[in-house]
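All remarks here apply to the structure that follows.
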Amino acid sequence: MEELASKYNPADVESKWYQYWLDNGFFKSKPDGREPYTIVIPPPNVTGVLHMGHMLNNTIQDILVRRARMLGKNACWVPGTDHASIATEAKVVNKLASEGIKKKDLTREQFLEHAWDWTRKHGGIILEQLKKLGASCDWDRTAFTMDDKRSESVLKVFVDLYDKGLIYRGLRMVNWDPKAQTVLSTEEVIYREEKSKLFYLKYYVQDSASVKPTGEEGEILHKDEKGYYAVVATTRPETIMGDTAMCINPKDPKNQWLKGHKVIVPLVNRVIPVIEDRYVDVEFGTGCLKVTPAHDVNDYALGKTHGLETIDIFNPDGTISDAAGLYVGQDRFEVRKQIAIDLEKAGLLEKVEDYDNKVGYSERNQDTAVEPRLCKQWFLSMQHFADIALPPVLNGELKFYPSKYVSTYKNWLENIQDWCISRQLWWGHRIPAYFLPTAEGAEEKFVVALTVEEALAKAKKIAGYENITADQLVRDEDALDTWFSSWLWPVSLFDGINNPGNEEIKYYYPTSDLVTGPDIIFFWVARMIMAGYEYEGKMPFKNVYFTGIVRDKIGRKMSKSLGNSPDPLDLIDRFGADGVRMGMMLSAPAGNDILFDEALCEQGRNFNNKIWNAFRLVKGWEVKDMEQPESAQKAVKWFQHQLNKTIAEINDCFDKYRISDALMAVYKLFWDEFSSWYLEMVKPAYQQPIDKATYEATLGYFETLLKLLHPFMPFITEELYQNIKERDAKDTIMLSLLPNAEDFCEKNINRMEITKGIIAGIRNIRANKGISPREAFEMFYKGEFDDKNNAIIEKLANVSKIAETTDDLGGAAATFMVGTIEISVPLGNNVNVEEEIKKMEEEIKYLEGFLAGVEKKLSNEKFVANAKPEIVEKERKKKSDAESKIATLKENIAKMK
RNA sequence: GGUCUUAUAGCUCAGCUGGUUUAGAGCACCUGCCUUACAAGCAGGGGGUCCUAGGUUCGAAUCCUAGUGGGACCACCA
Numbered sequence: 001m002e003e004l005a006s007k008y009n010p011a012d013v014e015s016k017w018y019q020y021w022l023d024n025g026f027f028k029s030k031p032d033g034r035e036p037y038t039i040v041i042p043p044p045n046v047t048g049v050l051h052m053g054h055m056l057n058n059t060i061q062d063i064l065v066r067r068a069r070m071l072g073k074n075a076c077w078v079p080g081t082d083h084a085s086i087a088t089e090a091k092v093v094n095k096l097a098s099e100g101i102k103k104k105d106l107t108r109e110q111f112l113e114h115a116w117d118w119t120r121k122h123g124g125i126i127l128e129q130l131k132k133l134g135a136s137c138d139w140d141r142t143a144f145t146m147d148d149k150r151s152e153s154v155l156k157v158f159v160d161l162y163d164k165g166l167i168y169r170g171l172r173m174v175n176w177d178p179k180a181q182t183v184l185s186t187e188e189v190i191y192r193e194e195k196s197k198l199f200y201l202k203y204y205v206q207d208s209a210s211v212k213p214t215g216e217e218g219e220i221l222h223k224d225e226k227g228y229y230a231v232v233a234t235t236r237p238e239t240i241m242g243d244t245a246m247c248i249n250p251k252d253p254k255n256q257w258l259k260g261h262k263v264i265v266p267l268v269n270r271v272i273p274v275i276e277d278r279y280v281d282v283e284f285g286t287g288c289l290k291v292t293p294a295h296d297v298n299d300y301a302l303g304k305t306h307g308l309e310t311i312d313i314f315n316p317d318g319t320i321s322d323a324a325g326l327y328v329g330q331d332r333f334e335v336r337k338q339i340a341i342d343l344e345k346a347g348l349l350e351k352v353e354d355y356d357n358k359v360g361y362s363e364r365n366q367d368t369a370v371e372p373r374l375c376k377q378w379f380l381s382m383q384h385f386a387d388i389a390l391p392p393v394l395n396g397e398l399k400f401y402p403s404k405y406v407s408t409y410k411n412w413l414e415n416i417q418d419w420c421i422s423r424q425l426w427w428g429h430r431i432p433a434y435f436l437p438t439a440e441g442a443e444e445k446f447v448v449a450l451t452v453e454e455a456l457a458k459a460k461k462i463a464g465y466e467n468i469t470a471d472q473l474v475r476d477e478d479a480l481d482t483w484f485s486s487w488l489w490p491v492s493l494f495d496g497i498n499n500p501g502n503e504e505i506k507y508y509y510p511t512s513d514l515v516t517g518p519d520i521i522f523f524w525v526a527r528m529i530m531a532g533y534e535y536e537g538k539m540p541f542k543n544v545y546f547t548g549i550v551r552d553k554i555g556r557k558m559s560k561s562l563g564n565s566p567d568p569l570d571l572i573d574r575f576g577a578d579g580v581r582m583g584m585m586l587s588a589p590a591g592n593d594i595l596f597d598e599a600l601c602e603q604g605r606n607f608n609n610k611i612w613n614a615f616r617l618v619k620g621w622e623v624k625d626m627e628q629p630e631s632a633q634k635a636v637k638w639f640q641h642q643l644n645k646t647i648a649e650i651n652d653c654f655d656k657y658r659i660s661d662a663l664m665a666v667y668k669l670f671w672d673e674f675s676s677w678y679l680e681m682v683k684p685a686y687q688q689p690i691d692k693a694t695y696e697a698t699l700g701y702f703e704t705l706l707k708l709l710h711p712f713m714p715f716i717t718e719e720l721y722q723n724i725k726e727r728d729a730k731d732t733i734m735l736s737l738l739p740n741a742e743d744f745c746e747k748n749i750n751r752m753e754i755t756k757g758i759i760a761g762i763r764n765i766r767a768n769k770g771i772s773p774r775e776a777f778e779m780f781y782k783g784e785f786d787d788k789n790n791a792i793i794e795k796l797a798n799v800s801k802i803a804e805t806t807d808d809l810g811g812a813a814a815t816f817m818v819g820t821i822e823i824s825v826p827l828g829n830n831v832n833v834e835e836e837i838k839k840m841e842e843e844i845k846y847l848e849g850f851l852a853g854v855e856k857k858l859s860n861e862k863f864v865a866n867a868k869p870e871i872v873e874k875e876r877k878k879k880s881d882a883e884s885k886i887a888t889l890k891e892n893i894a895k896m897k
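Per the numbering used here, residue 1 is the first one in the first sequence, and the count goes up by one each step.
The following block contains the structure:
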């Protein structure tokens, strides 16, 4: 290690050490006698690329895993990827489309061939990117939600839950994504506020002549040359072809006259009844609601109670179906525009108003509005799962950081809805249900089984199907929701479904910490807790650390369209992985959004450079067998205490998952205490050798600091650890043990704080007077002064003599206070008496203000009577301290004058 | 509409169960310095009606109430 560059270059070392760790299998874990520490990665989309959210998330996981390893635990971080059915299928469909191939022209097998090709080609890039970040995953364990073990687990769980009666098939109003052409769960729909229009349509009364105004107060009648009509306000005029009733509130005085009549749907000319239901909001619009049972959840409910017909006017792709009779084959949004024009022309549009409403979009496919649609799907009953998943979080067995998410979780579970788990997709786990042949129009019959053979056996037991053959069974075309595989992740990674009670699941489960974003608390976290209790009877993880969302520095979400999302790999190139990791962590308290600013990575890089240069200094020293100077001896002793104190602080931060605070504590320990103070205290004069004892103590401290830093900055710490001294072939800082939090002496640390204050004061005088550090000072003190660090003061402040004042310095000294100690430095002619007096007078002014506050408190009888005695005592001490300081200062001023 | 959360220095945040000198950190800013580890640095420095108004208390940045302004989630009006 000769001639180290004065700038640290991460690129030189990062890939080297990552390869070293891999080659030596340092990331691998096998069950053994040690305490396990397990993290399962939130599996990223298999064909995705690394974004800033991943960077944050995985940096935190790596910090936790590396620290656990260095605490002597058997740390196991299991990586893997998710098949992300909707997103991946969409990508494959697009890719095929660009080649002129339509999905519907392919068989399921052919399509899956393409999907697997795509996955093989793009899959796992993201895991390679994580390696650049330094992620210490056990890569041999890399799993995929659609690999054999995980797939088998998913199907087994489906069959099991079906057999338990928790999975059922039902005709429900579900959310339909017309682009992906699949249903979505309620959680997968996100609502966005939109500026839209409210159309007021005329529904003429069929038998206008029979209308009799009631004459009651508040009644509103609409009439024109064509007769009486009702006005219905709607944001979706294109759905009128599906209207099968108009609904009013029976208590609504405006619309009493409509009771019992029939109205005519505009343009469609279908005659529909006016029904009455208290569901209708009297205040909204005109109080008349068009009822379209096939395309709205609430209308569906109305349709059910009032026995209305449902007319499905949409095709799966969002175009108008034959059943509508009008606009057949046109897109729903085109029709909305067109129908408004046609209604207007026909005189059936009373008015149009601007209106803000919320429109649901697919979470995976945010440019497509979701369409409520009635269809038959597979559902999982959730009440049972809510019942088993809520108590452990409420009673704190399973902890959330930050804890505010407990109420979010509770709220969701207490209002749980059944989970629609089927998707009309091919890329995913195909539902293991087999339909039996039935007569036209008869109720469907099916069996659920893991294999065709088992399905056949089950089918044969059904009356009338004794002679059924395998080729008569038709397997359900649908696949399962991606989250139906992810919810098993902590269990399935250790093969706990296929191979219950195996050695690995017994050892690694429950896992320790889960690190993820709050946006998937329902999708994933809650459901993993459910599956964990259902299949292992235990929580899947002990703690959940919710990260914030990564935003740009002005608080906007990072997005491709805004172009405000930096490329993580580019950042790593520029600042080094360690620098970027630190940049991420500097501003990432749990649960708070992080406002990402490149400047933080720069700060990280600068810190790396600081460490690097401290190392250059220490390694550049020539060691000689000589006596240890007193200053060094005191410094070495002090730093041990300071170190122990900070270690305790760091441990405390980690216990509370305050990781950025832990980093800040190490940062300050290294930069301020170690580099700025300790190294200056022990540093020999230029080109002078250092004594062995100090040198070795310093190297020891350096190594300890590197260990404390390692979880945050794995690369530079390994590089320097290897270079501090000769290491054995397979030595690594990764597997070294972190120091314990040993006792420390507060008194020693406080004494050094005073020493630092004195040194700073003297340096200040030099700076103000422009006196060179080479010119030695004499220093006099007054007050309770502890002289144990005199050697350090002499060295760092260049002081030649330290003595108690003899009171006759006259006006020739600069003075300052450190605590209650007064320090004077004789300066001869250099003293500007007026300036010194002015300074002291300002100090007195401050102290008097302070003293007044304290005295006010102490003169308050109620305070003295009610406050705790130690508090009163403290105030008295404050008072006497302030008084003695003021006295000293006044005395000084008098002398100077 | 409901639930939760938050308001402290230019920025990002600490400040735990009220009392540790009339509030701290990091960054940014200002002023000196290219001092032989480090200018990606060193030495100094300035900067805050602790959102507003009430209340509880001997004492409030800290607890309570209301208001205002952020944020998140859930529900939803056709």
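Think of the CB as a built atom: it goes at the ideal place given N, C-alpha and C, for glycine as much as any other residue.
Excluding five sequence positions before and after Leu258, the CB atoms of its chain that fall closer than 7 Å to its own CB belong to Ala230, Ile248, Val274, given in chain order. Here the alpha carbon of Glu746 sits roughly 59 Å from the alpha carbon of Asn365. Of all alpha-carbon atoms in Asp322, Thr469, Phe484, Glu113, the one lying nearest the alpha-carbon of Leu155 is that of Phe484.
By the neighbour-count criterion, in which a residue is buried when 16 or more other Cβ atoms sit within 10 angstroms of its Cβ, Gln61 is buried. A straight-line Cα-Cα distance of about 27 Å links Asn94 and Leu374. By the Cβ criterion, the stretch 696-714 is in contact with the stretch 668-676, since at least three pairs of Cβ atoms, one from each stretch, lie closer than 8 Å. Linking Leu267 to Thr234 through their CA atoms gives a straight-line distance of about 15 Å. Cβ contact annotation for Ile837 (same chain, cutoff 8 Å, sequence separation greater than five): Ile893, Met896, Lys897, in chain order. For His54, the uninterrupted alpha helix (DSSP H) run begins and ends at 52-70, by DSSP.
Its chain contains Val282, Gly287 as the residues whose beta carbon lies nearer than 7 Å to that of Asp252, once the 5 sequence neighbours on both sides are disregarded; these appear in chain order.
Counting the other Cβ atoms within 10 Å of the Cβ of Tyr533 gives 16 or more, which makes it buried.
Between Pro36 and Thr81 the beta-carbon gap is near 23 Å, outside 8 Å, which marks them as no contact. Nearest Cα to Tyr507 within the set Asn9, Lys7, Gly33: Gly33.
The three-state secondary structure of Phe816, taken from DSSP, is strand. The C-beta of Val232 has 16 or more other C-beta atoms within 10 Å across all chains shown, which makes the residue buried. For Arg423, the number of other beta carbons within 10 angstroms of its own is at least 16, and it is reported as buried.
Setting aside the 5 residues that flank it on each side, Gly218 is surrounded in the same chain by Pro253, Lys254, each with a C-beta closer than 7 Å to its C-beta; the list follows chain order. Residue range 371-380 is occupied by the beta strand (DSSP E) that includes Cys375. Distance from the CA of Glu883 to the CA of Ile765, rounded to the nearest whole angstrom, comes to 25 Å. The residue from Asp160, Asn298, Gly303, Asp786 with its alpha-carbon nearest to that of Ile272 is Gly303. Note on Asn57: 16 or more other CB atoms within 10 angstroms of its CB, so buried under the neighbour-count rule. Apart from the 5 residues on each side of it in sequence, Glu742 sits with its Cβ closer than 7 Å to the Cβ of Asn644 in its chain, given in chain order. A straight-line Cα-Cα distance of about 38 Å links Lys557 and Tyr279. Taking all protein chains shown into account, Thr547 has 16 or more neighbouring C-beta atoms within 10 Å of its C-beta and is therefore buried.
At the C-beta level, Gly215 and His295 stay beyond 8 Å of one another. The three-state secondary structure of Val280, taken from DSSP, is coil. The continuous beta strand (DSSP E) containing Leu171 extends over residues 167-177.
Remark: three or more beta-carbon pairs, one from each stretch, lie closer than 8 Å, so the stretch 787-804 and the stretch 620-631 are flagged as touching. In the DSSP assignment, Ile594 falls within the unbroken beta strand (DSSP E) covering 594-596. In chain order, Tyr203, Ile240, Asp243, Ile272 place their CB closer than 7 Å to the CB of Val265, counting only its own chain and leaving out the 5 sequence neighbours on each side. Contact check between the stretch 720-730 and the stretch 689-708: three or more CB pairs, one atom from each, fall below 8 Å, which counts as touching. Per DSSP, the continuous alpha helix (DSSP H) segment holding Tyr18 begins and ends at 10-23. DSSP places Ser196 in the uninterrupted beta strand (DSSP E) bounded by 189-205. Note on geometry: alpha-carbon atoms of Arg150 and Gly124 lie some 17 Å from one another.
Here Ala455 carries a helix assignment [DSSP, helix/strand/coil]. Sixteen is the threshold: when 16 or more other Cβ atoms of the shown chains lie within 10 Å of the Cβ of Ile431, as they do, the residue is buried.
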